Amino acid sequence: MWKRPVRALIRRGLRVGRLRAVVETELRVARRPVRARTDGLPDVFVDGHGVRHPLDPALRDALKPAWRTMLDPLTAAQPPSDEALAGRATKARRSVREAAAIVAASTGVELGGRILEIGCYDGAVAFQLTRLPAAEVVASDLARYYVVQRPGEPAETDIRPQQATLATLRARARAAAGAGTGVVDFIEDDITASGLEPGTFDAIVSFEVLEHVASPQAAFGAMARLLKPGGIGYHDYNPFFSLIGGHSLCTLDFAWGHIRLDRVDVERYVRELRPDHLAQTMRFFDESLNRMTLVDLRSAIEGAGLELCSLLPWTDRALVGRFEPAVLSEVQRSYPTATAEDLLASFVSVVVRRPA
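Residue numbering for the sequence shown is 72 to 427, as defined by the numbering used here.
(1) Can you tell me which residues form a DSSP beta bridge with L383?
(2) Assign D193 to buried or exposed, taking buried as 16 or more other Cβ atoms, counted over all protein chains shown, within 10 Å of its Cβ.
(3) Could you say if the segment 325-334 and the segment 119-132 meet the contact criterion of at least three C-beta pairs nearer than 8 Å?
(4) Identify which residue in A214, A242, T146 and M294 has its Cα closest to the Cα of A371.
(5) Going by Cα to Cα distance, which pick from R354, A416 and V337 is closest to M363?
(6) So, is H120 buried or exposed, given that buried needs 16 or more other C-beta atoms within 10 angstroms?
(7) In angstroms, rounded to a whole number, what distance separates the CA positions of A195 and A238?
(8) Specify the secondary structure class of D347 as computed by DSSP and reduced to three states.
(9) Among residues of its own chain, excluding the 5 on either side of G317, which ones have a beta-carbon nearer than 6 Å to its beta-carbon?
(10) Quick check: V208 and A197, are their CB atoms within less than 7 Å of each other?
(11) Assign P310 to buried or exposed, taking buried as 16 or more other Cβ atoms, counted over all protein chains shown, within 10 Å of its Cβ.
(12) Which whole-angstrom value describes the C-beta separation of D347 and T408, a residue pair presumed to lie in contact below a C-beta threshold of 8 Å?
(13) Kindly indicate which three-state DSSP category T408 falls into: helix, strand or coil?
(14) With DSSP as the reference, label S166 as helix, strand or coil.
(15) Can you tell me which residues form a DSSP beta bridge with V208?
(16) Entirely within the segment 120-158 and at least 4 residues each: give me those alpha helix (DSSP H) ranges in chain order.
(17) Q351 to R339, Cα distance in whole Å?
(18) Use the C-beta contact count for P225: other C-beta atoms within 10 angstroms, 16 or more gives buried, fewer gives exposed.
(19) Within a Cβ cutoff of 6 Å, which residues of the same chain sit near A107, ignoring the five residues on either side of it in sequence?
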């Protein structure tokens, strides 16, 4: 008798695009057998505690299929194709639709009004936000973030050309979205030290950005200042502690490797197995990924004086097969507030509100 309602619940969950994509990815990883190395590199890495980690050379491809594009200077410099921008516009429509549904269910308030998007990149989401009720959209980002993760040594002189590149990309993304000219106000702004006028936004949103914010505490403090009384914050992000939380540059050849090793061992791992990528990988590891657990997230929200309306870790049972007993204890050596919930959540959605 219990099977029918459970199956119905699963089917409803799989209608959520983000959840369905996560489940499909993790099922592919869980079902794939570990392959032996054929590249002459070690098949085991021994960390500083003497723990032996068998290496799976196919894991990175399974988790982050496009990781090579981050390492090749020519590929990394290529602008996305029109087809890719059209795909991003489709994904952005789905993301905004899901965000509006979660906000409405969590707060009883419609997402709309004057909206700030943090970490807007090409503006794909920002253009979709303009379709919300009475929307006036400001979209912010930092050109330096994209400079830091490039191959080679970044320089301050690279920032202005990157800003010009982003402006060109946003014009193309606007066309892909079918949006009008000037519907989004794009600005350069660091949310941890924002220069925007306090109390002027009805909503602040971000998508796959919160894990990159240097100081979540400062970011939520700034959001509390920028929101109007009763204003809403919505953030959907890929946490550092998830299986794919190392992103393309810092995903290692064993599950949760980027958090099971401490910083010294991560650097040694990359030096021994990927020496050509050492500077770029460690720069991204140190500068572009924060270490925020769910405990830290709640603390940052509370410390900013914001009300936590909803916290949804999108967990996946397909990961449990890889979640060996020793994994969490290895992680907690370096990150004591990490929990099983952190490691099994591929994405997290959070809704906050500034008290009226």
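We put the CB at the ideal spot given by N, CA and C, even for glycine. Since we're looking at a predicted model, the values are computed, not measured.
According to the data block:
(1) S420
(2) buried
(3) yes
(4) M294
(5) A416
(6) Within 10 angstroms of the beta-carbon of H120 lie fewer than 16 other beta-carbons, which makes it exposed.
(7) 13 Å
(8) helix
(9) Exclusion of the five residues before and after G317 leaves H329 as the residues of its chain whose Cβ lies within less than 6 Å of its Cβ.
(10) yes
(11) buried
(12) About 34 Å; that fails the 8 Å criterion.
(13) coil
(14) Note: S166 maps to helix in three-state DSSP.
(15) I186 and V255
(16) 130-134 and 144-148
(17) Cα to Cα, Q351 sits roughly 14 Å from R339.
(18) So P225 ends up on the buried side.
(19) For A107, the predicted model reports a pLDDT of 46, less than 50, meaning its position is unreliable and no value from the coordinates is stated.
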